[in-house]
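Counted from 1, the sequence shown has number 1555 at position 117 by the working numbering; the numbering is strictly sequential.
Heads up: the structure comes next, in structure tokens.
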Amino acid sequence: MAGFEYPRQLRILTGEGFQKVFDKVSLKVPDQPILILASFNELDHPRIGFVISKKNVRRAVKRNRIRRIIRESFRLNQHNLPPVDLVILARKGLDELEPEEVHQLMKKCWSRLKHKAKKANPQR
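Below, the structure written as structure tokens:
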């Protein structure tokens, strides 16, 4: 995948895909307003899914904005990420951050994920 597209194969679409990540968490990247759970996959690219509950982010507009910002960050950084299935869990307070702050937070999380993946599975 040479481009910066965001096709269907880069998304976790089924409940089964989400359950696999929740059952076999290989990596965790915690931060105050976000938690990333990751599980190594057999593909040659990462995939992403979102869990943003109404309890943590009340307004649908804000939930969708958060998804858009994180999706864009993922799209731009997908080539630097290891082949893992990622589930992004939003926590309270994520909706209060400015878009640029969310983008910077994700940049930091992607680098931490890369570092942890290299330590956990050096042959990949």
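Where a beta carbon is used, it is the ideal one built from N, C-alpha and C, also for glycine.
Backbone CA spacing between residue i and residue j [nearest angstrom]
i	j	result
residue 1474	residue 1523	10 Å
residue 1551	residue 1558	10 Å
residue 1530	residue 1509	19 Å
residue 1469	residue 1547	8 Å
residue 1447	residue 1534	31 Å
residue 1506	residue 1541	10 Å
Local Cβ density within 10 Å of residue i, reported as buried at 16 or more and exposed below that
i	result
residue 1556	exposed
residue 1512	buried
residue 1484	buried
residue 1516	buried
Test: residue i CB closer than 8 Å to a CB of chain B
i	result
residue 1442	Of the protein chains in this structure there is only one, and it is not chain B.
Proximity of residue i and residue j at Cβ, strictly below 8 Å
i	j	result
residue 1442	residue 1514	yes
Is the region 1463–1470 close to the region 1500–1516, with three or more CB pairs under 8 Å? With a cut-off of 8 Å, the region 1500–1516 and the region 1463–1470 do not count as touching, because too few Cβ pairs lie within range.
What alpha helix (DSSP H) runs, 4 residues minimum, are completely inside the region 1463–1522? For the region 1463–1522, whole alpha helix (DSSP H) runs of length 4 or above, ordered along the chain, are 1498–1515.
Which runs of the beta strand (DSSP E) spanning at least 3 residues fall entirely within the region 1525–1554, listed in chain order? Complete beta strand (DSSP E) runs here, min 3: none at all.
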